[in-house]
Amino acid sequence: MAGVVRAGDWLGWVGLEDLQDEGTCGERARPFDSQPLLSEESSLREVILALGQSDPVFVRSLGEVTAVLTPADLQEAPMRMWLFGLVTLSEFLMTRMLERQFPEDRWMEFLSEGRLEQARALQAERLRRGQQVPLRECLQFGDKADILLKQEHIRVHLGLGSRRKGQEFFRRMEALRNCLAHTQLLPTEDLTVLVVLAQALEDLLDMAANPLPRGYHQKLKDADRPPQPSSR
Numbered sequence: 003m004a005g006v007v008r009a010g011d012w013l014g015w016v017g018l019e020d021l022q023d024e025g026t027c028g029e030r031a032r033p034f035d036s037q038p039l040l041s042e043e044s045s046l047r048e049v050i051l052a053l054g055q056s057d058p059v060f061v062r063s064l065g066e067v068t069a070v071l072t073p074a075d076l077q078e079a080p081m082r083m084w085l086f087g088l089v090t091l092s093e094f095l096m097t098r099m100l101e102r103q104f105p106e107d108r109w110m111e112f113l114s115e116g117r118l119e120q121a122r123a124l125q126a127e128r129l130r131r132g133q134q135v136p137l138r139e140c141l142q143f144g145d146k147a148d149i150l151l152k153q154e155h156i157r158v159h160l161g162l163g164s165r166r167k168g169q170e171f172f173r174r175m176e177a178l179r180n181c182l183a184h185t186q187l188l189p190t191e192d193l194t195v196l197v198v199l200a201q202a203l204e205d206l207l208d209m210a211a212n213p214l215p216r217g218y219h220q221k222l223k224d225a226d227r228p229p230q231p232s233s234r
């Protein structure tokens, strides 16, 4: 895209699609307010949410548009550092949710014995190195996600809907984390994951801080039991 100036003042902007037919940039220019407008003091979270709605996004300073943002700017170092922090914080909150919402390690009921053994093996190795850590901190990313996705209220609270949708979301979140950690280019489709993360961050913080209602785990166990035959 390109900005259009008339008599020294910004007139608007044009995209490549605007220049396919005959005419001038001035004739084809779109007003800046046709797109989201952010201030120079807007947070990076607001940038993510705005880019999730529209491309490009403009930045205004002292009443004038002074900059433009596109998904390509997600590759820049400051944004990548913030994104990595966002993903890392989200994973930390997932672990915190296991602690707060599943007292006495009741989350173990929702994980297979094989996955538990892998976590115990990692815990033993870390203990050998002098690191005292609870078992939940030795779970793989996918294990944490699987446990949380089995709880309907968590899926609803985070806007993930079905378990399948939630699994796809966490799969892409893990892939995004790996891309950021290994300084690989971010696929453009990861913007959707970032938008959901940015939107859900406050919900994650809330759920990580509050335990489940009394008796909730017993209701889950009862719901998983097969129906008993009638005594008649």
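Heads up: the sequence shown is residues 3 to 234, going by the working numbering.
The C-beta atom is built at its ideal place from N, Cα and C for all residues, glycine as well.
(1) How is the beta strand (DSSP E) around R8 delimited, first residue to last?
(2) On a Cα-Cα basis, can you pick out the residue from A126, L113, Q120 that is closest to Q153?
(3) Pick from L91, R47, F172: whose alpha carbon is nearest that of D148?
(4) So, under 8 Å CB-CB, L71 and P58 are touching, yes? Tell me the CB distance rounded to an integer number of Å.
(5) Count the other CB atoms, across all protein chains shown, that sit within 10 Å of the CB of S36; report buried if there are 16 or more and exposed otherwise.
(6) Which ranges does the beta strand (DSSP E) cover as unbroken runs of at least 3 residues, wholly within the region 134-174, from first to last along the chain?
(7) Taking C-alpha atoms, which residue in F34, G54, P73 lies nearest to V61?
(8) Skipping 5 residues on each side, what residues in its chain have a beta carbon closer than 8 Å to that of T68?
(9) Identify, in the order they occur along the chain, each residue of the same chain with its Cβ nearer than 8 Å to the Cβ of S164, setting aside the five sequence neighbours on each side.
(10) Got a sec? Which residues, its chain only, sit under 6 Å from L137 by beta carbon, not counting five neighbours each side?
(11) Would S56 and P38 be called neighbours here (beta carbons separated by less than 8 Å)?
(12) Rounded to the nearest angstrom, what separates E101 and E176 at their Cα positions?
(13) Thinking K146 and M96 are a contact (beta carbons under 8 Å), I'd like their distance in whole angstroms, please.
(14) Nearest CA to the CA of G10: which residue from R166, L91, E66?
(15) Between which two residues does the alpha helix (DSSP H) carrying S63 extend?
(16) For V195, count the other beta carbons within 10 Å of its own beta carbon; 16 or more makes it buried, fewer makes it exposed. Which is it?
With the structure as the only source:
(1) The residue given as residue 8 occupies position 6 in the sequence shown. R8 -> beta strand (DSSP E) spans 4-8.
(2) In the sequence shown, counting from the first residue as 1, residue 153 sits at position 151. Per the Cα distances, L113.
(3) Residue 148 sits at position 146 when you count from the first residue of the sequence shown. Ranking the options by Cα distance to D148, first place goes to F172.
(4) Within the sequence shown, the letter at position 69 stands for residue 71. Within the sequence shown, the letter at position 56 stands for residue 58. Confirmed, Cβ separation roughly 6 Å.
(5) As a first step, residue 36 is located in the sequence shown; it is residue number 34 there, counting from the start. Burial call: exposed.
(6) none
(7) The sequence position of residue 61 within the sequence shown is 59, counting from 1. It is F34.
(8) Locating residue 68 in the sequence shown gives position 66, where the first residue counts as 1. Closer than 8 Å at Cβ, skipping near neighbours: E42, V61, R62.
(9) Residue 164 sits at position 162 when you count from the first residue of the sequence shown. These residues qualify, in order along the chain: R157.
(10) Against the sequence shown, residue 137 aligns to sequence position 135. So the qualifying residues of the chain are A121, Q125.
(11) By one-based count along the sequence shown, residue 56 stands at place 54. By one-based count along the sequence shown, residue 38 stands at place 36. Yes.
(12) Translated into positions along the sequence shown, residue 101 becomes position 99. Translated into positions along the sequence shown, residue 176 becomes position 174. Their backbone Cα atoms lie some 21 Å apart in a straight line.
(13) Within the sequence shown, numbered from 1, the residue matching residue 146 stands at position 144. Within the sequence shown, numbered from 1, the residue matching residue 96 stands at position 94. The beta carbons of K146 and M96 sit about 5 Å from each other, so the pair counts as a contact at 8 Å.
(14) Taking the sequence shown and counting its residues from 1, the one referred to as residue 10 is at position 8. Checked all of R166, L91, E66; the closest Cα to G10 is E66.
(15) The residue you call residue 63 lines up with position 61 of the sequence shown. No alpha helix (DSSP H) holds S63; the beta strand (DSSP E) holding it covers 59-63.
(16) Sequence index remark: in the sequence shown, residue 195 carries index 193 (1-based). Answer is buried; the Cβ neighbour count reaches 16.
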